[in-house]
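So the sequences go chain by chain: A and B.
Using the numbering used here, you'd call the opening residue of the first sequence number 13 and step up by one each time.
Using the numbering used here, you'd call the opening residue of the second sequence number 816 and step up by one each time.
The C-beta atom is built at its ideal place from N, Cα and C for all residues, glycine as well.
Remember, it's a predicted structure, so these values are computed and weren't measured experimentally.
Before any comments, here is the structure.
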Amino acid sequence: MSELFGPLLDAYDERRRAELVAAYMAVEHAAAPVPEVRFPALREPALRRTVAAMLALSGRTLIRYGREWTSGYHDDVAAELAADPACAPPPQDRAVLTLVLVHAVAIPRAAGLLDEDTWLSPYPAAADELRRRSQLPVGELEAALRRLRTAGLVTQVKAGADDAGGYVPGPQFHRLTPGARRRLQEELILAAGPDSPLAAAIRARRRAARTASDEGEQA
Amino acid sequence: MSWSPQILARARARVLGADGTGAADPAPPGLAAVADGPRAWLLPSWPDGATPALLEQYEVAPMPLDRAGQARRVLAAALRCCWTALDDAPWPGEPAPVAAVLAVYAGMTRGDAALAGRWATGELRRLADTGWLLLDEAAGTVRPGPRTALWREESLGPLRDLLRRMPGPGAAAP
């Protein structure tokens, strides 16, 4: 709506303005990060700062993958939204998504098949595995998977010649900030190996961070 | 960095897609409020009237949709039943029985009618999850969703022509 974006856009001529709007819509709505070569407003740092300011009006931020860009929630805004019960997905959706992440990402990563910093995976979590492990009635599991697919949080992989198909993390996983990717990795370690030395180190670091921020508030 | 309540309200609206509120509550700037009797739906709105259709011009793939063709046909079947006064806007439209929508959809497809009905029911739920339709499963009715209120008048012509050509629920009986 122009009343919202006007103060940021009114200074630009028509062509620049259209480039800014195109870049904004592309990072907000494309399935994957978009190449800066196709969007002048992502390529030029001054214009890119304006795109970032447009995103910040809704608590969003630019996320960079080399020369490609997408958008996601700023870490503080994501924390606020997660604390709002209306915004958090229901527990069964979160449980099913966690199972998909364990099977499609954590296990292949532990086997050295996936990079440290990626949440996209070519190794689907098998549908029967989800049925067996989720402890959900099949109707609820199907409903959770439908909502997760619609939200772009999981993608269904059709059965091929060599595999039975299943689910991998969806395109929304492009939209995690570096901080969110790190926290998700830590959460997965805490869930999969709560007694491991790595989990103990994560808990210790979080305790230290909390203490430091409490002291900061008191000072 | 601090985040104003208005920024958080816009962030929340983006998460929720179509968020219900009281009709009397003012909409935060940057959100479109779609009035619906005693309540209103808050929808994110975009700069300079752009829509995600702009991605096509740049040959960038939008968020994938499972069975997009089927979703479009089910939405068309629902609009055929709920948007009966075609000279008016599609919103708010009229509630129609889900059974009538399924009958229209069955008339558009070949093959197993029971299977088509099950697919279409799932599709109605997905369209309701995303604000394109409002589905009342207990009452067995469906009506247009608040997103249809944001369709611009100049974009409605082809849709009206399509709906005029589609057989209605009465015509679809075998």
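Asked: Helix or strand or just coil, what does DSSP make of Q147(A)?; Found: coil
Asked: Output yes if chain A places a C-beta closer than 9 angstroms to the C-beta of E909(B); else output no.; Found: no
Asked: Output, in sequence order along the chain, the residues in the stretch 29 to 44 of chain A whose CB is closer than 9 angstroms to any CB in chain B.; Found: R29, A30, L32, V33, A34, Y36, M37, A38, E40, H41, A42, A43, A44
Asked: Helix, strand or coil for P989(B)? Go by DSSP, reduced to three states.; Found: For P989(B), the predicted structure reports a pLDDT of 45, less than 50, and the residue's modelled location is therefore unreliable. A value from the coordinates is still provided. The answer is coil: DSSP assigns P989(B) none of H, G, I, E or B.
Asked: Let me confirm a value: A921(B) is counted as buried when at least 16 other C-beta atoms fall within 10 Å, else exposed. Which label applies?; Found: buried
Asked: In chain A, which residues lie with their C-beta within 7 angstroms of the C-beta of T956(B)?; Found: Going along chain A, no residue has its Cβ under 7 angstroms from T956(B), so there is no contact; the nearest lies around 20 angstroms.
Asked: Closer than 8 angstroms, Cβ to Cβ, to anything on chain B: give me those residues from the stretch 51 to 75 of chain A, in chain order.; Found: F51, M66, A68, L69, S70, G71, R72
Asked: Just checking my contact of L142(A) with V108(A) at CB under 8 angstroms: how many whole Å lie between their CB atoms?; Found: 6 angstroms
Asked: What residue ranges within the stretch 880 to 912 of chain B form continuous alpha helix (DSSP H) runs of no fewer than 4 residues, ordered along the chain?; Found: 883 to 897
Asked: Counting only Cβ-Cβ distances shorter than 7 angstroms, please list the residues of the stretch 865 to 879 of chain B near chain D, keeping chain order.; Found: Absence of chain D from the displayed structure is noted, the protein chains being A and B.
Asked: Excluding five sequence neighbours on each side, which residues of the same chain lie with their C-beta closer than 6 angstroms to the C-beta of E31(A)?; Found: P52, A53
Asked: With 16 other CB atoms within 10 Å as the buried threshold, where does Y179(A) fall?; Found: buried
Asked: State the DSSP-derived secondary structure class of E874(B), mapped to helix, strand or coil.; Found: coil
Asked: What span of residues does the alpha helix (DSSP H) with Q168(A) cover, start to end?; Found: First-last for Q168(A): 166 to 169, but that is the beta strand (DSSP E), not the alpha helix (DSSP H).
Asked: For V916(B), return the contacting residues in chain A, with the cut-off set at a CB-CB distance below 7 angstroms.; Found: What V916(B) touches in chain A: nothing, since even the nearest Cβ is about 19 angstroms away.
Asked: Once you ignore the five residues that flank E969(B) on each side, which residues in its own chain have a CB closer than 7 angstroms to its CB?; Found: none
Asked: For T945(B), go through chain A and note every residue whose CB falls closer than 7 angstroms to its CB, in chain order.; Found: T162
Asked: P183(A) versus chain B: which residues are under 8 angstroms apart at the beta carbon?; Found: M878, P879
Asked: Can you grab the Cα-Cα spacing for the pair A212(A) / R218(A), in whole Å?; Found: 10 angstroms
Asked: Since A833(B) and W856(B) should fall inside the 8 angstroms C-beta cutoff, what is the C-beta to C-beta distance between them, to a whole number of angstroms?; Found: 5 angstroms
Asked: Between P961(B) and chain A, is there a C-beta pair that is closer than 9 angstroms?; Found: no
Asked: Looking at D87(A): is its Cβ nearer than 9 angstroms to the Cβ of T189(A)?; Found: yes
Asked: At least one CB of chain A closer than 9 angstroms to the CB of S970(B): is that the case?; Found: no
Asked: Distance cutoff 9 angstroms, beta carbons only. Does E92(A) sit that close to anything in chain B?; Found: yes
Asked: Below 9 angstroms between beta carbons: does that hold for L67(A) and E92(A)?; Found: no
Asked: Tell me whether the beta-carbon of P859(B) lies closer than 9 angstroms to the beta-carbon of A847(B).; Found: yes
Asked: Between L930(B) and chain A, is any beta-carbon pair separated by less than 9 angstroms?; Found: no
Asked: Can you check the stretch 31 to 81 of chain A for any alpha helix (DSSP H) of at least 4 residues that lies completely inside it and give the ranges in chain order?; Found: 52 to 55, 57 to 68
Asked: Using beta carbons (cut-off 9 angstroms, strictly below), is A826(B) in contact with chain A?; Found: yes
Asked: Can you tell me where the beta strand (DSSP E) with A847(B) in it begins and where it stops?; Found: 846 to 851
Asked: Do the stretch 181 to 196 of chain A and the stretch 71 to 85 of chain A touch if we need at least three Cβ pairs shorter than 8 angstroms?; Found: yes
Asked: For a test of the three-state rule: what should DSSP assign to Y135(A), helix, strand or coil?; Found: coil
Asked: Among the candidates L196(A), A139(A), D140(A), L16(A), whose CA atom is the shortest distance from the CA of D129(A)?; Found: L196(A)
Asked: Return yes when the Cβ of P959(B) is within less than 9 angstroms of the Cβ of P907(B), no when it is not.; Found: yes
Asked: Does any residue of chain B have a CB that is nearer than 9 angstroms to the CB of Y24(A)?; Found: no
Asked: Rank Q147(A), R61(A), P47(A), A94(A) by C-alpha distance to the C-alpha of L20(A) and give the top, closest one.; Found: R61(A)
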